[in-house]
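Student: Below is a structure I'd like to ask you about.
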Amino acid sequence: MPDAAPSISREASTLEAAWTIAVRELVAFFRQRSRVLAAIITPLFLWLMLGMGMGQSFQWEHGGGGFLAYFFPGIVVFAVVFAGIYSSISTILDRQKGILQSVVVAPISRTSIVFGKVLGGTLIALVEGSILLLFVRLAGIPAGAVEVVLAIGVLALLCYAMTGIGFYFAWMIDSVQGYHAIMNLILMPAWLLSGAFFPRDGAATWVRVAMDLNPLYYGLSALRHVLWLEDEVMRSALPSLWLCLAV
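Put into structure tokens, the structure is as follows:
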């Protein structure tokens, strides 16, 4: 029992330090107005231009609707994945400026630093994704409040996972240019093969195999599950929700 109080105190200190670092990441993001605007406008622009360009020439057999509806979850995933990954660039910049070294030698655990950085990036990406979900009705998706709340939950898991991956590479790579190169090499194929642009059904065999091996495919499928919660026909064409969440 005597050891319980110090243990609780250390855990509280770790969480407090992590939260402080996360808030710093959020404040730094919102202070850059151009970055905030670009984070919202860019995916919306891509969604509207590609969605309206394809129009009704794209017919989704299972979900119904045109390309605007089909592409919407894909562009939301695009926004949160890239936001989560690239928020970790601050780790490289902090290292170059000497800020990270001063944090490392501070009387806080490295767990606090890692969790704080990842939590900060997760919250940034989740804010972006939540704003984009406000346009779900404009996309022609019959999602209500329950579906949107569930979608935010799915995005939170996806944001945390992608930010964690980004932080791992940012911790290992010394330059922003190298980080960009590695992330683009990994992210673009992963996103293109996630089912954002085209359904798995009807794709070439090797493409279907690549999609089955792509974790992002299951993240996007989970988002489709909860946005079309009442559409059993559409959901039957996707991997099971529990499999998606497990992956």
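Residue numbers (the numbering used here): 7 to 253.
We put the beta carbon where it would ideally sit given N, CA and C, even for glycine.
From a predicted model like this one, the values you see are computed outputs, not experimental measurements.
(1) What whole-angstrom Cβ distance do A157 and L251 have, given they're in contact under 8 Å?
(2) Take V83 as the anchor and find which of A28, W212, L233 has the nearest alpha-carbon.
(3) Could you tell me whether the segment 166 to 184 touches the segment 85 to 95, using the rule of 3 or more Cβ pairs below 8 Å?
(4) Inspect the CB distances between the segment 191 to 200 and the segment 119 to 133 and report whether three or more fall short of 8 Å.
(5) Identify, in the order they occur along the chain, each residue of the same chain with its Cβ nearer than 7 Å to the Cβ of L247, setting aside the five sequence neighbours on each side.
(6) Assign S118 to one of two classes, buried (16 or more other C-beta atoms within 10 Å of its C-beta) or exposed (fewer than that).
(7) Output needed for E236: all residues of its chain with C-beta closer than 6 Å, excluding positions within five of it in sequence on either side, in chain order.
(8) Determine the direct distance from the alpha carbon of T48 to that of V142, and round the result to whole angstroms.
(9) Could you tell me if E22 is buried or exposed, where buried requires 16 or more neighbouring beta carbons within 10 angstroms of its beta carbon?
(10) Give the straight-line distance between the Cα atoms of I137 and A209, rounded to the nearest whole angstrom.
Tutor: In short, the structure shows the following:
(1) Within the sequence shown, numbered from 1, the residue matching residue 157 stands at position 151. Within the sequence shown, numbered from 1, the residue matching residue 251 stands at position 245. Not quite, the Cβ-Cβ distance comes to about 13 Å (not below 8 Å), so this is no contact.
(2) Residue numbering aside, residue 83 sits at position 77 when the sequence shown is read from its first letter. Measuring from the Cα of V83, the nearest candidate turns out to be L233.
(3) yes
(4) no
(5) Position 241 of the sequence shown, counted from the start, is the residue given in the question as residue 247. Cβ neighbours of L247 beyond the five flanking positions: A228, H231.
(6) Locating residue 118 in the sequence shown gives position 112, counting from the first residue. Classification of S118: buried, given that the 10 Å Cβ count is 16 or more.
(7) Sequence index remark: in the sequence shown, residue 236 carries index 230 (1-based). There are no such residues.
(8) As a position in the sequence shown, residue 142 is number 136, starting the count at 1. As a position in the sequence shown, residue 48 is number 42, starting the count at 1. Computed Cα separation, rounded: 16 Å.
(9) Walking along the sequence shown from the start, residue 22 turns up at place 16. With fewer than 16 Cβ atoms within 10 Å of its Cβ, E22 is classed as exposed.
(10) As a first step, residue 137 is located in the sequence shown; it is residue number 131 there, counting from the start. As a first step, residue 209 is located in the sequence shown; it is residue number 203 there, counting from the start. So the alpha carbons of these two residues sit roughly 32 Å apart.
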